[in-house]
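Okay, structure first, notes after.
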Amino acid sequence: MRVLLAGGGTAGHTSPLLATADALRRLDPGVEVTCLGTPRGLENKVIPEAGYPLRLVPPVPLPRKPGKDLAMVPARLRAAVKAALDVIDEVRPDVVVGYGGYVSMPAYVAARRRKLPLVVHEQNALPGIANKFGARVATRVAVSFPDTPLRGAEYVGLPIRRMIATLDREALRAEARAFFGLEQDRPTLVVTGGSQGARRLNQAVSGAAPALAAAGVQVLHVVGPNGASDPSWSEPLPSGVPYVVLPFVERMDLALAAADVMVCRSGASSVVEASASGVPAVFVPLPIGNGEQALNARPVVDAGGALLVEDVDFTADYVAETIPSLVADPERLASMGAAAAHLVPRDADERLARIIQDVAR
């Protein structure tokens with residue numbers, strides 16, 4: 116069986132793509148997986164590192180407002196579709212799978228022209244433009260969150276990495292805290308803005324560092340690749356309580372195992388990885404876009420597994436007032452973690468892989 120997986124740009128697309136690829140390989144070691152991306156995305160690093168071949172097509176941004184970029188979409192799409200057709204003719208896949216984003220629209224059009232079966236997976240609770248189109252021509256449509264408004268949607272969950280899907284936080288906690296240079300017995304806050312970082316989160320948590328230290332809360336702060344060089348960022352002064360700053364974390368399983376509480380955006384991967392691991396979270400949705408991040412977080416928040424804070428309200432004062440009291444209440448943390456963990460499927464990678472197998476056959 117030959118499969119072409121189309122997705123890229125950020126970890127929101129590449130992480131579920133790679134989780135699916137690994138699941139396909141576990142189910143059928145003879146499967147031939149090829150990935151389709153663009154020259155500018157995270158896929159150029161993570162997909163080759165994972166051992167999968169990567170083919171590239173020109174990106175086709177889909178602007179939400181009229182203007183020059185919108186007028187250029189038809190020409191860009193024609194060029195990208197031609198490149199996708201070239202890849203399909205070379206690889207000769209039995210099925211094409213798309214995860215949305217810039218690379219998926221040309222893949223969907225090319226698959227339709229070659230009359231290939233198509234599987235679409237939507238990561239967010241509110242679908243993007245590419246997947247709205249893809250769902251209209253797809254053989255099967257899978258979604259990460261219940262009630263996602265796509266025609267023919269099947270709720271399978273979000274494919275996540277096995278290191279996280281199988282994570283035992285309690286068993287790994289001591290190793291995780293030692294790995295990051297944290298103390299073993301202190302309450303621990305982990306902060307991450309996703310693969311690119313988040314200025315608002317960086318400013319608010321670092322601004323609350325004295326209050327966190329006074330409460331004995333240690334911090335693992337993943338500021339993003341450019342976070343430490345941001346002029347608005349200043350690393351907290353030493354206090355005697357660990358405050359570890361990193362640009363990026365490869366071992367997200369260890370970060371989750373180290374955490375008593377996590378502060379993060381509510382992209383699909385962040386919501387599902389924290390929830391599946393049973394980590395109580397404070398979700399701060401990105402204030403731009405079509406509102407999908409708030410919708411991603413809503414089921415977990417409504418179940419009692421997380422807090423939801425608007426970006427404008429997430430300040431140093433909020434962190435100082437909320438986090439110390441939260442980590443000081445182990446019963447509440449346990450209740451939140453259990454509520455989140457029971458809500459999110461951990462086997463979405465294999466569910467989606469079996470759908471792909473069925474469609475390919």
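For the sequence shown, counting from 1, position 153 maps to 268 in this note's numbering; every step adds exactly one. Just so it is clear, CB atoms sit at the ideal spot from N, CA and C, and this is done for glycine as well.
Paired residues, beta bridge with residue i - DSSP
i, result
"Gly152", "Leu171"
"Pro358", "Note that residue 358 is Tyr in the sequence shown, not Pro. Answer by DSSP bridge pairing, in chain order: Val334."
"Glu269", "Ala257"
"Glu446", "In the DSSP output, where bridge partners are listed per residue, Glu446 has none listed."
"Met377", "Val305, Ala396"
"Ala121", "Leu151, Gly213"
"Val427", "Paired residues: none, contrary to the question."
"His236", "Ala257"
"Leu422", "Val397"
Cut-off 6 Å between Cβ atoms - residues of its own chain near residue i, not counting five sequence neighbours on either side
i, result
"Ala328", "Ser354, Val356"
"Ala396", "Met377, Ala389, Ala421"
"Pro274", "Pro131, Ala134, Thr135, Ala463, Asp464, Leu467"
"Gly249", "Gly213, Tyr223, Val235"
"Val474", "Val210, Pro232, Val234, Thr254, Arg255"
"Glu269", "Ala257"
"Ala226", "Val211, Leu233"
Assigned exposure category for residue i - 16 Cβ within 10 Å defines buried
i, result
"Ser344", "exposed"
"Val252", "exposed"
"Gly145", "exposed"
"Ile162", "buried"
"Arg228", "exposed"
"Pro208", "buried"
"Ser259", "buried"
"Ile203", "buried"
"Met187", "exposed"
"Val427", "exposed"
"Leu352", "exposed"
"Arg476", "exposed"
"Gly267", "exposed"
"Ser440", "exposed"
"Glu407", "buried"
Residue i at chain B interface by Cβ criterion, 7 Å
i, result
"Ala435", "Checking the listed chains, one finds no chain B in this structure; it contains a single protein chain."
Close beta carbons around residue i, own chain, < 8 Å, minus the five adjacent residues each side
i, result
"Asp143", "Met116, Gln472"
"Gln318", "Ser347, Trp348, Ala431"
"Leu304", "Val320, Leu327, Val332, Gln333, Val334, Leu335, Ala374, Asp375, Val376, Met377, Val378, Ile438, Val442"
"Lys160", "none"
Close beta carbons around residue i, own chain, < 7 Å, minus the five adjacent residues each side
i, result
"Arg277", "Asp137"
"Pro346", "none"
"Val415", "Val386, Ser390, Ala421, Ala455, Leu458"
"Thr263", "Glu237, Ala240, Pro242"
Proximity below 7 Å, CB of residue i to CB of residue j
i, j, result
"Val271", "Ala418", "no"
"Ala240", "Asn411", "yes"
"Val210", "Val235", "no"
"Asp368", "Leu282", "yes"
"Phe429", "Val387", "no"
"Gln238", "Ala409", "no"
"Gly456", "Gly393", "The question names Gly, but residue 456 in the sequence shown is Ala. Contact flag set, yes."
"Thr129", "Glu158", "yes"
"Ala190", "Gly215", "no"
"Ala280", "Arg461", "yes"
"Ala291", "Ala372", "yes"
"Leu479", "Cys150", "The chain is shown only over 116 to 476; residue 479 falls outside these bounds and no answer can be derived."
Inter-residue Cα distance where the pair is residue i and residue j
i, j, result
"Ser381", "Val459", "14 Å"
"Val376", "Leu467", "30 Å"
"Val206", "Ala121", "13 Å"
"Val424", "Leu200", "44 Å"
"Asp156", "Val442", "The residue you asked about is not Asp; residue 156 is Gly in the sequence shown. For Gly156 and Val442, the distance between alpha carbons rounds to 37 Å."
"Ser219", "Gly243", "11 Å"
"Glu147", "Thr135", "13 Å"
"Ser321", "Ala431", "8 Å"
"Gly123", "Pro221", "13 Å"
"Ala289", "Leu192", "50 Å"
"Asn341", "Ala313", "10 Å"
"Val360", "Val337", "6 Å"
"Pro174", "Thr153", "6 Å"
"Leu119", "Gly331", "49 Å"
"Gly452", "Ala195", "44 Å"
"Lys247", "Tyr217", "13 Å"
"Gly127", "Arg413", "18 Å"
"Ile470", "Leu139", "10 Å"
"Arg141", "Val364", "25 Å"
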